[in-house]
Amino acid sequence: VQGPDVSWYLVVAAFLFSIGASGVLLRRSPLIVLLSLEIMLNAANLALISFARLHGNHDGQVFALAVMAVAASEVVVGLGLIVAIARRRLDLDVDRLRVLRG
Amino acid sequence: MTTGAWICLVAPLAGAVLITLLGGTISRRTAGWLSTLSVFVGFGGAVTAFIGLLDREPEEREAVTSAWTWLAAGGFEVDLSLLVDPLAVTMMLIVTGVGGLIVLYSIGYMDGDDEERRYFAYMSLFVFSMLLLVQAANFLILLAGWGLVGLASYLLIGFWHERPEAVAAAKKAFIMNAFGDATMALAFFVLIWQVGSLDFGVVFAEADGLSTTLVNLVALGLLGGAVAKSAQIPIHTWLPDAMEGPTPVSALIHAATMVTAGVYLIVRAHPIFELAPDISDLAAGLGTITLLVAGLIALVQVDIKRVIAYSTMSQIGYMFLGAGLGAYGNGMFHLMTHAFFKALLFLAAGLIIHHLAGEQDMRKMGGLRRVMPRTFVAFLIGALALAGMPPLSGFFSKDAILASAFASGGYGQLLFVGGMVGALLTGLYTFRMVFIVFLGEPSPLVREHTDAHGHGEGPWTMTVPVAILAVLAVVGGWVQIAGIWHPFEDWLDPVAVGREHLALVEPTVTEDYVASVIAVGLGLLGIGVAWMIYGARRWPVPRWTAVQTLLERKFWFDELYDAVFYRPTVFIAFLLRRYVEEPLIGGSIEGVTRGAREAGGAVGDVQTGYLRWYALVIAGAVAVLVAVFVAVQ
Chain A
29 VQGPDVSWYL
39 VVAAFLFSIG
49 ASGVLLRRSP
59 LIVLLSLEIM
69 LNAANLALIS
79 FARLHGNHDG
89 QVFALAVMAV
99 AASEVVVGLG
109 LIVAIARRRL
119 DLDVDRLRVL
129 RG
Chain B
6 MTTGAWICLV
16 APLAGAVLIT
26 LLGGTISRRT
36 AGWLSTLSVF
46 VGFGGAVTAF
56 IGLLDREPEE
66 REAVTSAWTW
76 LAAGGFEVDL
86 SLLVDPLAVT
96 MMLIVTGVGG
106 LIVLYSIGYM
116 DGDDEERRYF
126 AYMSLFVFSM
136 LLLVQAANFL
146 ILLAGWGLVG
156 LASYLLIGFW
166 HERPEAVAAA
176 KKAFIMNAFG
186 DATMALAFFV
196 LIWQVGSLDF
206 GVVFAEADGL
216 STTLVNLVAL
226 GLLGGAVAKS
236 AQIPIHTWLP
246 DAMEGPTPVS
256 ALIHAATMVT
266 AGVYLIVRAH
276 PIFELAPDIS
286 DLAAGLGTIT
296 LLVAGLIALV
306 QVDIKRVIAY
316 STMSQIGYMF
326 LGAGLGAYGN
336 GMFHLMTHAF
346 FKALLFLAAG
356 LIIHHLAGEQ
366 DMRKMGGLRR
376 VMPRTFVAFL
386 IGALALAGMP
396 PLSGFFSKDA
406 ILASAFASGG
416 YGQLLFVGGM
426 VGALLTGLYT
436 FRMVFIVFLG
446 EPSPLVREHT
456 DAHGHGEGPW
466 TMTVPVAILA
476 VLAVVGGWVQ
486 IAGIWHPFED
496 WLDPVAVGRE
506 HLALVEPTVT
516 EDYVASVIAV
526 GLGLLGIGVA
536 WMIYGARRWP
546 VPRWTAVQTL
556 LERKFWFDEL
566 YDAVFYRPTV
576 FIAFLLRRYV
586 EEPLIGGSIE
596 GVTRGAREAG
606 GAVGDVQTGY
616 LRWYALVIAG
626 AVAVLVAVFV
636 AVQ
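So the protein sequences, as listed, match chains A and B. Note that our numbering numbers the first sequence so that position 54 is 82, with each residue one more than the last. Note that our numbering numbers the second sequence so that position 606 is 611, with each residue one more than the last.
Below you can see the structure in the form of structure tokens.
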């Protein structure tokens, strides 16, 4: 089955990655930052699978599976942190969590 | 025979280590007995070595025994080796014999002191160090022993470390001795450089080949060490202060053994000193000056131990006089008899100090003859021997030195006159002490202490060593009587290198008797004057203010050294601190720290704490990396 050329997939991946990156850099709510991170990871997954398809082997797909597992665990930790912050009635704002500044 | 020597060396070390390791698990008294036992085992070893040597022919009385190579650097090697010959064995017997008696005495003297175990460990350590010094078969081992006796002396002078004077005296002794150690080390460097070995045999065999300048340098370095250790002018001021230590320490270290190490060194290294006659003459001259100066200062001292300390300096001056003029056997002979009668005097003085609960000021004593009659007899024997009265030991040995001085020509006869004046002074200061302390009515202090603890003269551990030493002080000189027999000189003769006899000067019998008569006459004159002034009190005590001040300030030696060495040093140190340390060194260190702190602050500003900033930096860095990769490809 012939689909679109591999470059289209890569363009979509780059587009998704840019959206995710902008979200991480610009949004202040940690929840949205996490969501944006997920978008970035999925952009990477898309790129990996496209290359796997291009080269005709399965390495890229294996990587994509690993990335999904990592993304799932990362969301667990991230959401746990957000819940912990919320329960201590702190502001859910990444710009105000800057105790580690030099 | 060599086994005996090793036992002699190791036993006191084992005693010291054992007492240290056992620590609080043994009683103080056990520590004392352990120390005494270890030294007497050493004495047994020395006797074994002595008998072993006696069995041999005189020419074969020399054995070197090596344990292992102590250090090796290129072609230069030093073994841990002992030399067993008549000279070493004589010293071994004196050190362990007199030492054992004094350690036994300490059990009674130190009874009840808080840190008795430490004391006995130090005493054993000292005996070991002294044995290492006298048994060494090369100069490096000798220097190791030399340094170790200095250490033990430091530890024991400062034994009562809560007394500031004792601590100061200990430091003074150590620092002044370090000066002598340094000059000796320099002499050894010359020997290593020129001869390539420090073994006595090799050095003495090859000393002939050295140039006069080098031999003089080596002899001068050795003399520096000897002068410092034996408290001769000009490095003598530490010895009187060393009397801050416990009395048995003064008896063992600062009278009988360690301070005579300088004489031993000159006799041991006599082939070098013979090649440098000027330095030998210097040694004899320094000895003569010391015996006069110390005798004069002793006339005005009021502390009983300091009087005996100055008399020690004076007697060692006689030994230097003898050894410097080449009468090595007579010097060693006086060393031996002096060990007996001076240890006796110190220990008897210790009995008095013990009875008076630590009082050492003679002005507060008096009339002790009635309270302590046996101590009086012992002290009197020691005093008569010190003043050279026949037939006690000091008579034979001191007169032998004086006769040798008389027999050795012009320079020697000049020193002979000095020695004779010294004999007069010896009689005077010794019997001034005896009469002040023992004659007359008991002073209030004496009565008070006698009422408090009766007429007892001390526990048997203290009185028995005094009695034995009193016997030795009487008979110790009979091993050599001019014109009749001289086994002591014959015994030491094999130590001569390249000659038949050890001594360079041999006074005739007539000279010997003339010297004896003059010396005894002058000694008696001194005693007589002391009797008129302090005994019968027919003459008033002379009051020459200027002379008295001069003597009481000890010829201003301490003040002189203070002005010449101490103050300039402190002043230079002050200048260096003010103009080098603080602005340059301190300033630069401060600059470095300030720079580091400021750099840290600047880097810290990068850490904003904004998550997005970090993410941007990472993203930017990745973008740069990608650009670089692309560009490079």
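Idealized CB from N, CA, C, for every residue including glycine.
So residue 519(B) is in the alpha helix (DSSP H); what residue range does that whole segment cover? 514 to 535
Anticipated Cβ contact below 8 Å, residue 402(B) with residue 342(B), distance rounded: 4 Å
So with CB distances below 7 Å, who are the chain A contacts of residue 621(B)? 53
Does the CB of residue 120(A) have a neighbour CB from chain B at under 8 Å? no
Examine chain A for any beta-carbon lying closer than 8 Å to the beta-carbon of residue 630(B), and answer yes or no. no
Let me know the secondary structure DSSP gives residue 38(B) once reduced to three states. helix
Residues in the stretch 90 to 103 of chain A having any Cβ partner in chain B nearer than 9 Å: none
Looking only at C-alpha atoms, which of 236(B), 382(B), 365(B), 21(B) sits nearest to residue 130(B)? 21(B)
Give me the DSSP bridge partner(s) of residue 143(B). 204(B)
Hey, how far is the Cα of residue 188(B) from the Cα of residue 11(B)? 29 Å
Could you tell me the distance, in whole angstroms, from the CA atom of residue 48(B) to the CA atom of residue 257(B)? 15 Å
Return the CA-CA distance between residue 555(B) and residue 593(B), expressed in angstroms with no decimal places. 51 Å
Taking 6 Å as the limit between beta carbons, can you name the residues of its chain near residue 103(B), skipping five residues before and five after? 261, 344, 348
With DSSP as the reference, identify every bridge partner of residue 308(B), one or two as the case may be. 366(B)
Name the DSSP beta bridge partners of residue 81(B), please? 78(B)
Residue 613(B) in three-state terms, based on DSSP: coil
Outcome for residue 310(B) when other beta-carbon atoms lying within 10 angstroms are tallied against a minimum of 16: buried
Per-residue burial, residue 359(B) [other beta carbons within 10 Å of its own, 16 or more giving buried]: buried
Of all the options 450(B), 317(B), 357(B), which has the alpha carbon lying nearest to the alpha carbon of residue 390(B)? 317(B)
From the DSSP output, in three-state form, read off residue 112(B) for me. helix
Pick out the complete alpha helix (DSSP H) segments inside the stretch 347 to 427 of chain B, 4 residues or longer, and give them in chain order. 373 to 376, 378 to 391, 398 to 412
Could you give the residue range of the alpha helix (DSSP H) that holds residue 185(B)? 169 to 199
Is residue 89(B) helix, strand or coil when you go by DSSP? strand
I need the DSSP call for residue 73(B), collapsed to helix, strand or coil. strand
Given a cut-off of 8 Å on the beta-carbon distance, is the pair residue 88(A) and residue 80(A) in contact? yes
Cβ neighbours of residue 50(B) in the same chain (closer than 7 Å, five flanking residues each side left out): 9, 10, 12, 13, 16
Between residue 121(A) and the rest of its own chain, which residues show a CB-CB distance below 6 Å, the 5 nearest in sequence each way excluded? 56
Excluding five sequence neighbours on each side, which residues of the same chain lie with their C-beta closer than 7 Å to the C-beta of residue 435(B)? 316, 388, 391, 392
Would you report the Cα separation of residue 299(B) and residue 284(B), rounded to the nearest angstrom? 22 Å
In the DSSP output, which residue or residues are listed as bridge partners for residue 490(B)? 486(B)
Beta-carbon proximity list for residue 447(B), same chain, < 8 Å, skipping 5 on both sides: 371, 372, 373, 375, 376, 455
Span of the alpha helix (DSSP H) holding residue 564(B)? 562 to 566
Quick check on DSSP: helix, strand or coil for residue 501(B)? coil
Quick test of your reading: residue 331(B) and residue 508(B), contact by CB under 8 Å. State the CB separation rounded to the nearest angstrom. 6 Å
Shorter than 8 Å from the beta carbon of residue 127(A) to some beta carbon of chain B? yes
Would you call the stretch 28 to 48 of chain B in contact with the stretch 109 to 125 of chain B, where contact means no fewer than 3 C-beta pairs closer than 8 Å? yes
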